[in-house]
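Per the numbering used here, the very first residue in the sequence shown carries number 297; after that it's consecutive.
Even glycine gets a Cβ: it sits at the ideal position worked out from N, Cα and C.
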Amino acid sequence: MTKLKPVFFLICKDEALVQKWIEKNAQGVEDISFWDGKEASWSKLYEEGRAVSLFSPRRLIVVRNAEEIEKEGEELFLKYLSYPNPNVFFLLVGESLPSSGAVFKLLFQKKLYAELKKPGGRNLHRWIEEEVRNRGKRISKDAVLILAERFSEDLEILESEIEKLILYIGDKREITKEDVVEASSTIIEVSPFELLDALFERDGFKFLKSLERSFLMKEPPVKLVATVG
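Take a look at the structure:
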């Protein structure tokens, strides 16, 4: 059962989060198309909404860069929203909800918007655990730590690494630290100079994170002492 509104604005900078939101909220929608706001206008969106009959399959139109939608036909689209087609849903996606424009003001007034933020810290750890659990597996805490450290900036790549690990472990029930180190080609060993750079820069956080990764990668203690000695 779909949870979509006739029109909704999603404030988000991460494509992976947008895709997850669509998967969760667009169940039962047979047709999903993607538009670029730089090449769209309110009149074109109005025509799309009107073109689909009441007997057509449910359709979701996702408009990325929604802030760039051309204003032509804005009044038409507002009238359409008074009696929207029940089988057509518009999802507008942008980095922020514009404060100007009649449609955007209406969305703000009706609270037809939400903001998705990239998870960080413990929230990212929980996100990783949930993604693994949704695929029928478990993951150890130290494996979560490595993944979160290496791929926190891009959830699409992180999700790809999780998929890779699921295939890698086969019939095993749990992803371990060793699995991550062996299967993730993008996991890079800590350079000795990384620790030295952190010391010279007086960056305590960077030093501790590098040291933590060194232990996770089983760097010999003698090597670590020699590096910072």
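Suppose contacts are defined by Cβ-Cβ distances below 9 Å. Is Val303 in contact with Phe385 by that definition? Their beta carbons are under 9 Å apart, which means Val303 touches Phe385 by this criterion.
Where does the unbroken alpha helix (DSSP H) through Glu411 begin, and where does it stop? For Glu411, no alpha helix (DSSP H) encloses it; the enclosing beta strand (DSSP E) starts and ends at 409-411.
Would you mind listing the alpha helix (DSSP H) stretches within the region 299-359 that are 4+ residues and don't spill past its ends, in chain order? Taken in chain order, the complete alpha helix (DSSP H) segments of 4 or more residues contained in the region 299-359 are 311-321, 338-347.
For Asp450 and Asp310, I'd like the C-alpha separation in whole angstroms. Taking the straight line from one Cα to the other gives about 8 Å.
When we look at the beta-carbon of Leu553 and count the other beta-carbons within 10 Å, is it buried (16 or more) or exposed? Residue coverage of the chain in this structure runs from 297 to 525, which leaves residue 553 outside it and unanswerable.
Going by Cα to Cα distance, which pick from Lys406, Leu443, Arg469, Ile465 is closest to Leu457? Per the sequence presented here, residue 457 reads as Glu, with Leu not at that position. Distances from the alpha-carbon of Glu457 to those of Lys406, Leu443, Arg469, Ile465 put Leu443 closest.
Three-state secondary structure (DSSP) of Ile471: When DSSP states are grouped into helix, strand and coil, Ile471 belongs to the strand group.
How long is the line joining the alpha carbons of Ser378 and Lys299, rounded to whole angstroms? Spanning the two alpha carbons is a distance of roughly 19 Å.
Per DSSP, which residues does Phe385 bridge with? Please list them. Partner residues in the beta bridge of Phe385, as assigned by DSSP, are Leu356.
Boundaries of the alpha helix (DSSP H) in which Leu393 is found, first to last residue: Premise fails: Leu393 is in no alpha helix (DSSP H) and is neither H nor E.
Report the CB separation of Tyr409 from Ile307 in whole angstroms; it is logged as a contact under 8 Å. Correct: roughly 6 Å between the Cβ atoms.
Buried or exposed for Arg360, going by 16 or more other Cβ atoms inside 10 Å? Burial is judged here by how many other beta carbons sit within 10 angstroms of a residue's own beta carbon; Arg360 has at least 16 and is buried.
Could you work out which residue in Tyr376, Trp423, Ala362, Arg354 is closest to Ser448 when comparing CA atoms only? Here the closest residue by C-alpha is Trp423.
Grouping DSSP H, G and I as helix and E and B as strand, with all else coil, what is Ile365? The answer is coil: DSSP assigns Ile365 none of H, G, I, E or B.
Local Cβ density within 10 Å of Ala347, reported as buried at 16 or more and exposed below that: The residue in question, Ala347, is exposed, as its Cβ has fewer than 16 Cβ neighbours within 10 Å.
Let me know if Glu370 comes out buried or exposed under the rule of 16 or more other beta-carbons within 10 Å of its beta-carbon. Glu370 is buried by the Cβ-count criterion.
State the Cα-Cα distance for the pair Leu461 and Val314, rounded to the nearest angstrom. It is roughly 23 Å from the alpha-carbon of Leu461 to the alpha-carbon of Val314.
Return the Cβ separation of Ser339 and Glu368 in integer angstroms, given the expectation that the two are a contact with Cβ distance under 8 Å. Rounded, the Cβ-Cβ distance is 5 Å, consistent with contact.
Beta-carbon separation of Leu412 and Trp317 under 9 Å? Cβ atoms of Leu412 and Trp317: closer than 9 Å.
As a quick exercise: from Lys334, Ala439, Leu356, pick the residue whose alpha carbon is nearest that of His421. Of the candidates Lys334, Ala439, Leu356, the one whose C-alpha sits nearest the C-alpha of His421 is Ala439.
Check the C-beta distance from Glu452 over to Ala312 and give it rounded, since I have them as a contact under 8 Å. That pair is a contact at about 4 Å.
Using three-state DSSP, classify Arg422 as helix, strand or coil. The three-state reading of DSSP puts Arg422 in helix, counting H, G and I together.
Provide the residue(s) that pair with Ile435 in DSSP beta bridges, ordered along the chain. Paired residue(s): Ile471.
Rounded to the nearest angstrom, what separates Gly281 and Asn430 at their Cα positions? Since the first residue shown for the chain is 297 and the last is 525, residue 281 is missing from the structure and cannot be characterised.
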